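Asker: Read left to right, the sequence shown gives residues 13 to 186 (this note's numbering). Beta carbons: idealized from backbone N, C-alpha and C, even for Gly. None of these values were measured; they are calculated from a predicted model. Here it is, the structure in full.
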Amino acid sequence: MEKLGKLFLSISLFYLLSSGVFAQKNYKIEHIEPMNWWSGMKHSQIQLLLHGENISRFTVESSSFPIVGILKTENPNYLFVTIETKDRNSGKYPIRLIEKKKVVATIDYELKERQYGSAERKGFTTEDVIYLLMPDRFANLYPGVDTHPETVEKADRSNPNGRHGGDIHGIIRH
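Here it is in structure tokens:
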């Protein structure tokens, strides 16, 4: 009877060890970009960049977000996952990394609440860009008009840091 008990204990331990109960289940994701997003955005699909050692070997599942696409790169340490966030409120939503039908990591991806009036905020436009159009550095069709009598700095093409004169007509003709 005692031998039967030892045999049962040995088989039980073997089963537990081989089934992965003691195997490492916590895979370390090094970086996620963007770290979070906002609910109610006009463009509701987000492409997440997941970075971790050999992360492309996993499958990705989520019951919270429809997964629109998964892109694996030549580098196995990166994985792009496109999710759909339409009609999702602010909160944390789990995204799971799966290997051999087992969850090895869970990402609690956060959708933050959008600030009031943020949709009306003006973003980056051409008004934010300063164009430094310097025709005097390129071409000069009418050298006689390079210096006006009231101009403090006179045209001097021999000075690389000075005013050279020049005009748009010179650029057009050039």
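Give me the Cβ distance between Q57 and E96, rounded to the nearest whole Å; I'm assuming they're in contact under 8 Å.
Answerer: As a first step, residue 57 is located in the sequence shown; it is residue number 45 there, counting from the start. As a first step, residue 96 is located in the sequence shown; it is residue number 84 there, counting from the start. Their Cβ separation, rounded to whole angstroms, is 6 Å, which keeps Q57 and E96 in contact under 8 Å.
Asker: Taking I183 as part of the alpha helix (DSSP H), name the residues at either end of that continuous run.
Answerer: Looking up residue 183 in the sequence shown gives position 171. Residues I180 to R185.
Asker: According to DSSP, what are the bridge partners of A151?
Answerer: Numbered from 1 along the sequence shown, position 139 holds the residue referred to as residue 151. Note: A151 sits in no beta bridge, so no partner.
Asker: R108 and E65 - do their beta-carbons sit closer together than 7 Å?
Answerer: Numbered from 1 along the sequence shown, position 53 holds the residue referred to as residue 65. Numbered from 1 along the sequence shown, position 96 holds the residue referred to as residue 108. Their beta carbons are not under 7 Å apart, which means E65 does not touch R108 by this criterion.
Asker: Would DSSP call T138 helix, strand or coil?
Answerer: Here residue 138 refers to the residue found at position 126 of the sequence shown. Three-state result, T138: helix.
Asker: Classify G108 as helix, strand or coil using the three-state DSSP reduction.
Answerer: The residue you call residue 108 lines up with position 96 of the sequence shown. Looking at the sequence provided, one finds Arg at residue 108 rather than Gly. Strand, per DSSP.
Asker: Taking just the CA atoms, how far does Y121 sit from P106?
Answerer: Numbered from its first residue, the sequence shown carries residue 106 at position 94. Numbered from its first residue, the sequence shown carries residue 121 at position 109. If you take the alpha carbons of P106 and Y121, they lie about 6 Å apart.
Asker: Could you tell me whether the segment 110-126 touches the segment 78-86, where touching means 3 or more Cβ pairs closer than 8 Å?
Answerer: Counting Cβ pairs under 8 Å, fewer than three are found: no touch.
Asker: Does the distance from the C-beta atom of T159 to that of A167 stay below 7 Å?
Answerer: Looking up residue 159 in the sequence shown gives position 147. Looking up residue 167 in the sequence shown gives position 155. For T159 and A167, yes; Cβs fall inside 7 Å.
Asker: Would you call F136 buried or exposed, if buried means 16 or more other Cβ atoms sit within 10 Å of its Cβ?
Answerer: Residue mapping note: residue 136 aligns to position 124 of the sequence shown, counting from 1. Exposed, since its Cβ has fewer than 16 Cβ neighbours within 10 Å.
Asker: Between the Cα of M53 and the Cα atoms of K114, T118 and E132, which residue gives the shortest distance?
Answerer: Looking up residue 53 in the sequence shown gives position 41. Per the Cα distances, E132.
Asker: Alpha carbon to alpha carbon, how far is R185 from G44? Give it in angstroms, no decimals.
Answerer: Along the sequence shown, read from residue 1 onward, the residue named residue 44 stands at position 32. Along the sequence shown, read from residue 1 onward, the residue named residue 185 stands at position 173. Rather than Gly, the amino acid found at residue 44 in this sequence is Ile. Distance between the alpha carbons of I44 and R185: 52 Å.
Asker: In chain order, what residues of the same chain lie with their CB nearer than 6 Å to the CB of H181, ignoring the 5 residues before and after it?
Answerer: The count along the sequence shown starts at 1 and reaches residue 181 at position 169. Here the set comprises L153.
Asker: Is I95 helix, strand or coil by DSSP?
Answerer: Translated into positions along the sequence shown, residue 95 becomes position 83. Of the three classes helix, strand and coil, the one that applies to I95 here is strand, per DSSP.
Asker: Whose CA, out of H55, W50, F70 and W49, lies closest to the CA of I41?
Answerer: The residue labelled residue 41 in the question sits at position 29 within the sequence shown. Of the listed residues, the one whose Cα sits closest to I41 is F70.
Asker: Please name the residue or residues paired with E122 in a DSSP beta bridge.
Answerer: The residue given as residue 122 occupies position 110 in the sequence shown. For E122, which the question treats as bridged, DSSP gives the partners N48 and K104.
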